[in-house]
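Each remark here refers to the structure printed beneath this line.
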Amino acid sequence: MAPLDDLYREIILDHYRTPRNRGELPTPPAHRVEGFNPLCGDEVTLYLELRDGRLADLKMTGRGCSISQASASLMGAAVKGKSLEEVEAALERFRRLMTVTETRLDDGGEPEPLDVRSLGELAALAGVVKFPVRIKCAMLAWTTLAQGLDEAAADAP
Amino acid sequence: MAPLDDLYREIILDHYRTPRNRGELPTPPAHRVEGFNPLCGDEVTLYLELRDGRLADLKMTGRGCSISQASASLMGAAVKGKSLEEVEAALERFRRLMTVTETRLDDGGEPEPLDVRSLGELAALAGVVKFPVRIKCAMLAWTTLAQGLDEAAADAP
Amino acid sequence: MSSFNPTRVRADVPLLHRQVHGRPIAYLDSASSTLPPRAVIEAMDRYYERHHANVHRGVYQTAEEATADYEGARAAVARYINAPGGAEEVVFTKNTTESFNLLARSWGASRLSPGDVVVVTEMEHHANVVPWFQLRDSHGVEVRFIPVGDDYRLDLSHVDQLLEGAKLLSVTGMSNVLGTRNDLAALARLAHDHGALFAVDGAQSVAHGSTDVARDGIDFLAFSGHKMLGPTGIGVFFARRSLLEAMPPFLGGGGMIADVRTDGFTPATGVARFEAGTPPIAEAVGLHAAIRYLEGLGPDAVEAHERELTRDALERLEGDFDGRVRVVGPRDVVDRGGVLSLDVEGVHPHDVAQVLDQHGVCVRPGHHCAKPLMHRFGLAATARASFGPYSLTRDTDALIEGLGHALSLFA
Amino acid sequence: MSSFNPTRVRADVPLLHRQVHGRPIAYLDSASSTLPPRAVIEAMDRYYERHHANVHRGVYQTAEEATADYEGARAAVARYINAPGGAEEVVFTKNTTESFNLLARSWGASRLSPGDVVVVTEMEHHANVVPWFQLRDSHGVEVRFIPVGDDYRLDLSHVDQLLEGAKLLSVTGMSNVLGTRNDLAALARLAHDHGALFAVDGAQSVAHGSTDVARDGIDFLAFSGHKMLGPTGIGVFFARRSLLEAMPPFLGGGGMIADVRTDGFTPATGVARFEAGTPPIAEAVGLHAAIRYLEGLGPDAVEAHERELTRDALERLEGDFDGRVRVVGPRDVVDRGGVLSLDVEGVHPHDVAQVLDQHGVCVRPGHHCAKPLMHRFGLAATARASFGPYSLTRDTDALIEGLGHALSLFA
Ligand SMILES: Cc1ncc(COP(=O)(O)O)c(C=O)c1O
Ligand SMILES: Cc1ncc(COP(=O)(O)O)c(C=O)c1O
Numbered sequence: 004m005a006p007l008d009d010l011y012r013e014i015i016l017d018h019y020r021t022p023r024n025r026g027e028l029p030t031p032p033a034h035r036v037e038g039f040n041p042l043c044g045d046e047v048t049l050y051l052e053l054r055d056g057r058l059a060d061l062k063m064t065g066r067g068c069s070i071s072q073a074s075a076s077l078m079g080a081a082v083k084g085k086s087l088e089e090v091e092a093a094l095e096r097f098r099r100l101m102t103v104t105e106t107r108l109d110d111g112g113e114p115e116p117l118d119v120r121s122l123g124e125l126a127a128l129a130g131v132v133k134f135p136v137r138i139k140c141a142m143l144a145w146t147t148l149a150q151g152l153d154e155a156a157a158d159a160p
Numbered sequence: 004m005a006p007l008d009d010l011y012r013e014i015i016l017d018h019y020r021t022p023r024n025r026g027e028l029p030t031p032p033a034h035r036v037e038g039f040n041p042l043c044g045d046e047v048t049l050y051l052e053l054r055d056g057r058l059a060d061l062k063m064t065g066r067g068c069s070i071s072q073a074s075a076s077l078m079g080a081a082v083k084g085k086s087l088e089e090v091e092a093a094l095e096r097f098r099r100l101m102t103v104t105e106t107r108l109d110d111g112g113e114p115e116p117l118d119v120r121s122l123g124e125l126a127a128l129a130g131v132v133k134f135p136v137r138i139k140c141a142m143l144a145w146t147t148l149a150q151g152l153d154e155a156a157a158d159a160p
Numbered sequence: 011m012s013s014f015n016p017t018r019v020r021a022d023v024p025l026l027h028r029q030v031h032g033r034p035i036a037y038l039d040s041a042s043s044t045l046p047p048r049a050v051i052e053a054m055d056r057y058y059e060r061h062h063a064n065v066h067r068g069v070y071q072t073a074e075e076a077t078a079d080y081e082g083a084r085a086a087v088a089r090y091i092n093a094p095g096g097a098e099e100v101v102f103t104k105n106t107t108e109s110f111n112l113l114a115r116s117w118g119a120s121r122l123s124p125g126d127v128v129v130v131t132e133m134e135h136h137a138n139v140v141p142w143f144q145l146r147d148s149h150g151v152e153v154r155f156i157p158v159g160d161d162y163r164l165d166l167s168h169v170d171q172l173l174e175g176a177k178l179l180s181v182t183g184m185s186n187v188l189g190t191r192n193d194l195a196a197l198a199r200l201a202h203d204h205g206a207l208f209a210v211d212g213a214q215s216v217a218h219g220s221t222d223v224a225r226d227g228i229d230f231l232a233f234s235g236h237k238m239l240g241p242t243g244i245g246v247f248f249a250r251r252s253l254l255e256a257m258p259p260f261l262g263g264g265g266m267i268a269d270v271r272t273d274g275f276t277p278a279t280g281v282a283r284f285e286a287g288t289p290p291i292a293e294a295v296g297l298h299a300a301i302r303y304l305e306g307l308g309p310d311a312v313e314a315h316e317r318e319l320t321r322d323a324l325e326r327l328e329g330d331f332d333g334r335v336r337v338v339g340p341r342d343v344v345d346r347g348g349v350l351s352l353d354v355e356g357v358h359p360h361d362v363a364q365v366l367d368q369h370g371v372c373v374r375p376g377h378h379c380a381k382p383l384m385h386r387f388g389l390a391a392t393a394r395a396s397f398g399p400y401s402l403t404r405d406t407d408a409l410i411e412g413l414g415h416a417l418s419l420f421a
Numbered sequence: 011m012s013s014f015n016p017t018r019v020r021a022d023v024p025l026l027h028r029q030v031h032g033r034p035i036a037y038l039d040s041a042s043s044t045l046p047p048r049a050v051i052e053a054m055d056r057y058y059e060r061h062h063a064n065v066h067r068g069v070y071q072t073a074e075e076a077t078a079d080y081e082g083a084r085a086a087v088a089r090y091i092n093a094p095g096g097a098e099e100v101v102f103t104k105n106t107t108e109s110f111n112l113l114a115r116s117w118g119a120s121r122l123s124p125g126d127v128v129v130v131t132e133m134e135h136h137a138n139v140v141p142w143f144q145l146r147d148s149h150g151v152e153v154r155f156i157p158v159g160d161d162y163r164l165d166l167s168h169v170d171q172l173l174e175g176a177k178l179l180s181v182t183g184m185s186n187v188l189g190t191r192n193d194l195a196a197l198a199r200l201a202h203d204h205g206a207l208f209a210v211d212g213a214q215s216v217a218h219g220s221t222d223v224a225r226d227g228i229d230f231l232a233f234s235g236h237k238m239l240g241p242t243g244i245g246v247f248f249a250r251r252s253l254l255e256a257m258p259p260f261l262g263g264g265g266m267i268a269d270v271r272t273d274g275f276t277p278a279t280g281v282a283r284f285e286a287g288t289p290p291i292a293e294a295v296g297l298h299a300a301i302r303y304l305e306g307l308g309p310d311a312v313e314a315h316e317r318e319l320t321r322d323a324l325e326r327l328e329g330d331f332d333g334r335v336r337v338v339g340p341r342d343v344v345d346r347g348g349v350l351s352l353d354v355e356g357v358h359p360h361d362v363a364q365v366l367d368q369h370g371v372c373v374r375p376g377h378h379c380a381k382p383l384m385h386r387f388g389l390a391a392t393a394r395a396s397f398g399p400y401s402l403t404r405d406t407d408a409l410i411e412g413l414g415h416a417l418s419l420f421a
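This is the structure we're talking about:
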């Protein structure tokens, strides 16, 4: 197994200690969606405000481990204000990052550099794949976001 | 484990090939009772005619292995015509014979000689205890008899 | 190319090196339970010695390893039966029997209404009969039986009528009494044509040939580790993903919930919903090793080997005893596995097995948990000899010798 | 006199010889699953290598041996828990969870009517909660919870009210989160005084002290092999004979029937009625070896050893971290086992466990399948360290060192 530093990069600890975009938004207009990891009890609630094809605003509450909370905070920073296409693309990139298998990491070193670069600060979470049980933690906010976007699209007039 | 001869004594094979008291009795006056070994499908049906405190007549049908059928046949020969006290005593003696543990047989040779002698031909079944799964076969007719006597007593006016 | 070599398989199985009553053991009871090769035993040892921990909820090294071992076994099972939806269609249970109870109590109890029909066959093991009777008693479903013909094969002459209104057809892949193999692909088509789902009891069939749920159109499949060179204490329930996802939980407890409060609970999603409590972890590891071992032998090679043994045994049983030993099952070896139920003239199966035991031959007397079939043929019991991948002609030699002894003893 | 020597016990457990991340393993997750000593692994090996066969229906040598092994395990369990009616009161299941489902679906479903009350406690594992909710949904029974006080012990101040109309009181012998041991004899009297039966979740308590169902007046008891140095894949359900005899079958299939026809079935009598399908035979052999091993150590000696470890750990956890590590559970070691649920200031249990893993320390983060209890204390999760007979002070040393690291990393 990889050393702890691969997991707890400074950016992650920073986002865990000082999470961005904490709080709530009035619903409506915002859409509220809850995510939940039954195995460890991690929770995240997202408030998504969609306007003119963009994720105009986003806030979140929740509690959980450093990885789930930092991932949520990093996600918020990465997707807030972006067009829905950009958000979808970020979601897809992050999913791919998290499904790079441990084996590939083991013999190939880092995952595809293009991916990582296009992720910006989120690349700090790349080390999580070396700790398979933590992948669920890192994914929690993202799957919740995906669900929220689906629900919001379904609700839209 | 003991050699086969301990199990398949000549008397047993004889009673298996030529079972005594086969047939049915009209009910009433006879009492009919069925016994059943769910593990191997052995069956025995007894017809018991009680008169004046005696097991005046007894017949049986059924199918099963040599041990269950020979034990039934030997039982019939041993208890037919006997007083109910004598039948009960035979039942008790046979039960004790069958619960002599294998261990005791192993270090003590034969079970208590008194028992065996008082059993007459039934002593041929003593070897069964060395084959634990067969004890159920040997007991089938006897537990059925015990049940039949109980039922008949309950039915009696 | 498979490198199948039965002598080598035999060498791999520790129990076959044993003697009983001064004779080499001739194990002919694989239909009851198979004997595990050393690789299976050692995989479980290694698990307990190096990796054991409870699964799913641990982040420490051995807990991750145990989880990976356990989930790796699930993936191996999915591959072995060619589950179209992969590991997410494979639930671990304790045995085939629990798998059928899960099917009846979860899918059956939630999907069937009074008057709905479940069709089984007269050659089913009790595991695929009793749960349906229990569902009949609790939910009013009707249970119908496809009869078995005098040729020991399913009699499909009235099957359309029997399948009318059926919601499920549930059939054994191979009879544990007759050896008859059923044409699963054809039966699946029949079931589906009548709007019924198709369940298979794979307890006998999975270890003695290939299984392909995707190819054959199987909706549900149940089988046991201990009948496929694996350990006791583990079984498999396969269901197509769309079906599994709609099934409510069966057993309740830890691991199968999303949330529990003092006023109720929310079940988990996925296979976890059906795996309440600590699962058979070491047993999954053993099953995985058994699957690897069977894949190494090649399911088709195993089937061909056992077919050859069966052909030879059928011939000799007929030829050597002037008809005094009757095989209750098909006489040809097409669509037939290596199970030989014997009816020996004048000798009760219990006595047959007892005499054979003295020859080191292990056969099983009884109704083999298939009483409807026994009733059908007017039998109380048979003495059943059955082959496994490690069986050799010399096992049949010992069987024939012992049968001769039994016949002479009771003559 | 017991010859209990924890260093020797440790030597007996192969997994404890392992290193992780270059450190000796400090296994502190026995409440999840214990580590089997070599004697348990070897007993199962020997079983598979020499005696394996399906039980009950065979007359050949190895089938008799396997049956004797299996039934011998049942007798050993009966002795270990002092079952007044002996082996006929011991049913083998797959785990504690199945045992509770058996209790709820067989006894519960047949004996309870809408409005009947089942009383559990806020400190129960989901295994002793979810089956009762399921029974509530199917049969309309009411489920009540005895609250847990701020002292982490049952709050019995309103227990008479709670037990009014109760048909069953079902309580854990020891909380897997708090370590709290409950006074089973007193609770049994309470239950019986209110006309209720008394069930105990022994999953945690059976391995860390003595269990005596006769002395304590326990009517039903459930526990798992893998939490008492035994294998996965086996559990026990004990019920007083008079209760067991009146219970209808649960799972249907082979082995639990007296007869099956195409129109119905008749269940078997005795424990067989509850053991459908091939049972966990090798696992029973392993459990037997575990019981022998525990009896050799002496349950009281094990309890005393773990109490001493707990006393020491409680002191150091309080003393070393200026209150930044809080133990969720009683602070004294009276009526308390070796389970330490930790709440570490500013560090999520997941992260605590992850950092500890680097120190070779195995603890479990999560809700420990006791969500009602977590809700009660407003916690989402704890990091739980728990002792076993093989635990040593040096495991606590490693824990303390790792906690220091976690606190500094997240400071
Ligand atoms: C108190 C308690 N009850 C029940 C269980 C469930 O045991 P199993 O998972 O073996 O069914 C556990 C173990 O997690 C437990 O600690
Ligand atoms: C055809 C068939 N189905 C089901 C079973 C039951 O399997 P298990 O006892 O492992 O549940 C058996 C084994 O006896 C079988 O042969």
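Chains as they are written, first to last, in the working numbering: chain H, 4 to 160; chain Z, 4 to 160; chain U, 11 to 421; chain F, 11 to 421. Note that the Cβ used here is the ideal one computed from N, Cα and C, for glycine as well. Quick caveat, the model's predicted, so the values are computed rather than measured.
### Message
Any heavy atom of ligand 2 inside 6 Å of the beta-carbon of U/Gln144?
### Response
Position 134 of the third sequence, counting from 1, holds the residue named residue 144 of chain U. Result no, Cβ not under 6 Å from ligand 2.
### Query
Taking C-beta to C-beta, are U/Gln364 and F/Val69 nearer than 7 Å?
In the third sequence, counting from the first residue as 1, residue 364 of chain U sits at position 354. In the fourth sequence, counting from the first residue as 1, residue 69 of chain F sits at position 59. For U/Gln364 and F/Val69, yes; Cβs fall inside 7 Å.
### Message
Could you check if U/Ala213 belongs to the surroundings of ligand 2, using beta carbon to heavy atom distance under 6 Å?
### Response
Counting from 1 along the third sequence, the entry for residue 213 of chain U is found at position 203. Because some heavy atom of ligand 2 lies under 6 Å away, the Cβ of U/Ala213 counts as near it: yes.
### Task
Jot down the residue ranges of each uninterrupted alpha helix (DSSP H) in the region 273-333 of chain F, minimum 4 residues, whole runs only, in chain order.
291-307, 309-330
#### Entry: Beta-carbon gap between F/Gly240 and F/Gly306 smaller than 7 Å
Reading the fourth sequence from its first residue, position 230 is the one you call residue 240 of chain F. Reading the fourth sequence from its first residue, position 296 is the one you call residue 306 of chain F. Cβ distance not < 7 Å, so F/Gly240 and F/Gly306 don't count as in contact.
### Query
Three-state secondary structure (DSSP) at F/Gly235?
For the purposes of this step, residue 235 of chain F is taken as the residue at position 225 of the fourth sequence. Note: F/Gly235 maps to helix in three-state DSSP.
### Query
Any chance the CB of U/His135 is under 6 Å from a heavy atom of ligand 2?
Taking the third sequence and counting its residues from 1, one reaches residue 135 of chain U at position 125. Correct: U/His135 has its Cβ closer than 6 Å to ligand 2.
### Query
Are the C-beta of U/Val223 and some C-beta of chain H separated by less than 7 Å?
Residue 223 of chain U sits at position 213 when you count from the first residue of the third sequence. Judged by the 7 Å Cβ criterion, U/Val223 is not in contact with chain H.
### Secondary structure of H/Asn40, DSSP reduced to three states
Mapped onto the first sequence, residue 40 of chain H falls at position 37. Note: H/Asn40 maps to strand in three-state DSSP.
### Query
What residue from F/Ala176, F/Arg341, F/Ala314 has the CA that sits closest to F/Asp203's CA?
Position 193 of the fourth sequence holds residue 203 of chain F. The option with the nearest alpha carbon to F/Asp203 is F/Ala176.
### Residues of its chain near F/His236, where Cβ-Cβ distance is below 6 Å and the 5 sequence neighbours each way are ignored
In the fourth sequence, residue 236 of chain F corresponds to position 226, counting from 1. For F/His236, where only same-chain residues beyond five positions count, the Cβ hits under 6 Å are Ser43, Thr242.
### Task
Taking only the alpha-carbon atoms, compute the straight-line gap between Z/Arg23 and Z/Ala144 and give it to the nearest angstrom.
Taking the second sequence and counting its residues from 1, the one referred to as residue 23 of chain Z is at position 20. Taking the second sequence and counting its residues from 1, the one referred to as residue 144 of chain Z is at position 141. Computed Cα separation, rounded: 13 Å.
### Query
If we count Cβ pairs, one from each stretch, closer than 8 Å, do we get three or more for the region 309-328 of chain U versus the region 267-286 of chain F?
no
### Task
Count the other C-beta atoms from every protein chain shown that fall within 10 angstroms of the C-beta of U/Glu75, then say buried if there are 16 or more, exposed otherwise.
Stepping through the third sequence from its first residue, residue 75 of chain U is reached at position 65. With 16 or more other Cβ atoms within 10 Å, it is buried.
### Query
Taking the beta strand (DSSP E) that U/Glu132 falls in, what are its first and last residues?
Numbered from 1 along the third sequence, position 122 holds the residue referred to as residue 132 of chain U. That residue, U/Glu132, is in no beta strand (DSSP E); it is neither H nor E in DSSP.
### Query
When DSSP labels each residue in this structure, what does F/Pro157 get in the three-state scheme?
Counting from one through the fourth sequence, the residue named residue 157 of chain F turns up at place 147. The answer is coil: DSSP assigns F/Pro157 none of H, G, I, E or B.
#### Entry: Span separating the alpha-carbon of U/Val101 from that of U/Ala282
By one-based count along the third sequence, residue 101 of chain U stands at place 91. By one-based count along the third sequence, residue 282 of chain U stands at place 272. Near 8 Å, if we compare the C-alpha coordinates of U/Ala282 and U/Val101.
### Query
Any residues in the region 270-288 of chain U with a beta carbon nearer than 7 Å to a beta carbon of chain F? Which ones, in chain order?
Val270, Arg271, Thr272, Gly274, Phe275, Ala286, Gly287, Thr288
#### Entry: Nearest neighbour of U/Ser215, chosen from U/Gln368, U/Leu207, U/Leu188 [CA to CA]
The residue labelled residue 215 of chain U in the question sits at position 205 within the third sequence. The option with the nearest alpha carbon to U/Ser215 is U/Leu188.
### Message
Measuring only the C-alpha atoms, how far is H/Met78 from F/Leu112?
### Response
Stepping through the first sequence from its first residue, residue 78 of chain H is reached at position 75. Stepping through the fourth sequence from its first residue, residue 112 of chain F is reached at position 102. If I take the Cα positions, the gap works out to 46 Å.
### Query
Got a sec: does ligand 2 put a non-hydrogen atom nearer than 6 Å to the Cβ of U/Asn105?
By one-based count along the third sequence, residue 105 of chain U stands at place 95. U/Asn105: yes, Cβ under 6 Å from ligand 2.
### Message
Is F/Asn92 near ligand 2 - that is, is its Cβ less than 6 Å away from at least one heavy atom of it?
### Response
In the fourth sequence, residue 92 of chain F corresponds to position 82, counting from 1. The answer is no for F/Asn92.
### Query
From F/Ala299, F/His377, F/Pro141, F/Tyr57, pick the residue whose C-alpha is nearest to that of U/Asp273; which is it?
In the third sequence, the residue the question calls residue 273 of chain U occupies position 263. If we check each option's Cα against that of U/Asp273, F/Pro141 comes out closest.
#### Entry: Selection from F/Val354, F/His66, F/Thr131 that minimises the alpha carbon distance to F/Leu409
The count along the fourth sequence starts at 1 and reaches residue 409 of chain F at position 399. Comparing Cα-Cα distances from F/Leu409 to each of F/Val354, F/His66, F/Thr131, the minimum goes to F/Val354.
### Query
Quick one: does U/Val65 have its CB under 7 Å from some CB of chain H?
Here residue 65 of chain U is taken as the residue at index 55 of the third sequence, counted from 1. Closer than 7 Å: no.
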